[in-house]
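Beneath this line is the structure, given in structure tokens, with notes to follow.
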Amino acid sequence: MSNPVLVCALRRINAFKVLADALKRLTQCREKLSKSGSLLQAVMALTPEVTIRQAILFFTEMDFVTGKMCFYLSAALCRYDGNVVKSICFSCLVGESQRCHAESLFTSLQTGAQILCTVLLIKPGAWSHSLARILRKLDLEKFSVVGMKHINLEPDIALGLLSSEVKQDPAVLEAHCTYLTSGTALVLCLQRPNAVKKLIDLLGPEDPKLAQALDPFLWRAQYGISAVQNGFYGSKSYQIAVRDMKLFFPEGLCCAECQTLEEEEV
């Protein structure tokens, strides 16, 4: 090959799916790129096994920067032709408290999923009738409850739990805030390997109807009534989980000392 290539090792939750979607969108712009005299092509590893083999081929352990903001590895290979270099940037917002922990990437991948914490908020009306069944489900999914409290959400805290999509519609935003502050909610801090993603997968889509169509055993499909009264809030990322733990459990958690919690000062 006469031209150089750019090799990237990328890490994040659902890395393979997210990167595949990004590259699919990129192909839609190829015609425009071709007209500019530069053709960008990209390929990616499709499985974790292939990714590891390619990572060992292109990188050494000293080349990697690892952190607690991401969990799965993927790799992309980009080629450019002509005199114009086209670049693809993948980035994420990291809170001020984010710390980079020096570790061997290959060792961490061989070790497996880390034990992490996440936050589950059972919304008003949902937990008072179904708490025993919900706790049973958590136990079956190997979650440990390391924090629990009743709370009456203040409007500003309720607002912070809502997605940017909800905040775009004033009427929908008011409906969500009114519901979240209408009664007592139950907040749980849960611990297990890969806790954040596992909980999100169990809850399903925000809209119970969509969850029902996808899988009737998803928790929002079983306990949700509407897109507003959907039963649960779950931390959507590790950074948000850390924020939620500090918000709802400033006094600390009832669990053994954990490296990830120490690093995040939880």
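So in full-length UniProt numbering, the last spot in the sequence shown is 266, and the numbers never skip. We put the CB at the ideal spot given by N, CA and C, even for glycine.
According to DSSP, residue 175 shares a beta bridge with no other residue.
Secondary structure note for residue 232: its beta strand (DSSP E) is the uninterrupted segment 232-234. For the set 241, 247 and 248, the Cα lying nearest the Cα of residue 117 is the one of 241. Counted as a single uninterrupted DSSP element, the beta strand (DSSP E) harbouring residue 118 occupies residues 115-122. Out of 9, 217 and 224, the CA that lies nearest to the CA of residue 56 is found in 9. By the criterion of a C-beta distance shorter than 6 Å, residue 207 is surrounded in its chain by 227, once the five residues flanking it on both sides are discounted.
For residue 151, the beta-bridge partners assigned by DSSP are 185. When the alpha-carbon of residue 201 is set against those of 245, 7, 232 and 20, the nearest one is in 232. Apart from the 5 residues on each side of it in sequence, residue 214 sits with its Cβ closer than 8 Å to the Cβ of 204, 205 and 221 in its chain, given in chain order. For the 8 Å CB-CB criterion, residue 145 and residue 138 form a contact.
Taking 8 Å as the upper bound for CB-CB distance, residue 229 and residue 125 are in contact here, some 7 Å apart.
In this model, residue 121 and residue 210 are separated by some 20 Å (Cα to Cα). Annotation: residue 174 to residue 168 spans about 11 Å, alpha carbon to alpha carbon. Within 10 angstroms of the beta-carbon of residue 225 lie fewer than 16 other beta-carbons, which makes it exposed.
The residue from 3, 51, 5 and 4 with its alpha-carbon nearest to that of residue 19 is 51.
Secondary structure note for residue 213: it is in no beta strand (DSSP E), and the uninterrupted alpha helix (DSSP H) holding it is 208-214.
Straight-line measurement puts the Cα of residue 189 at about 36 Å from the Cα of residue 23. By alpha-carbon distance to residue 158, the top candidate from 141, 183 and 46 is 183.
Counted as a single uninterrupted DSSP element, the stretch harbouring residue 228 is not any alpha helix (DSSP H), since DSSP gives it neither H nor E. Looking at the backbone, the Cα of residue 11 and that of residue 48 are separated by about 11 Å. Here the C-alpha atom of residue 199 lies approximately 45 Å from the C-alpha atom of residue 3.
About 6 Å separates the CB atoms of residue 187 and residue 151; that is less than 8 Å, so the two are in contact.
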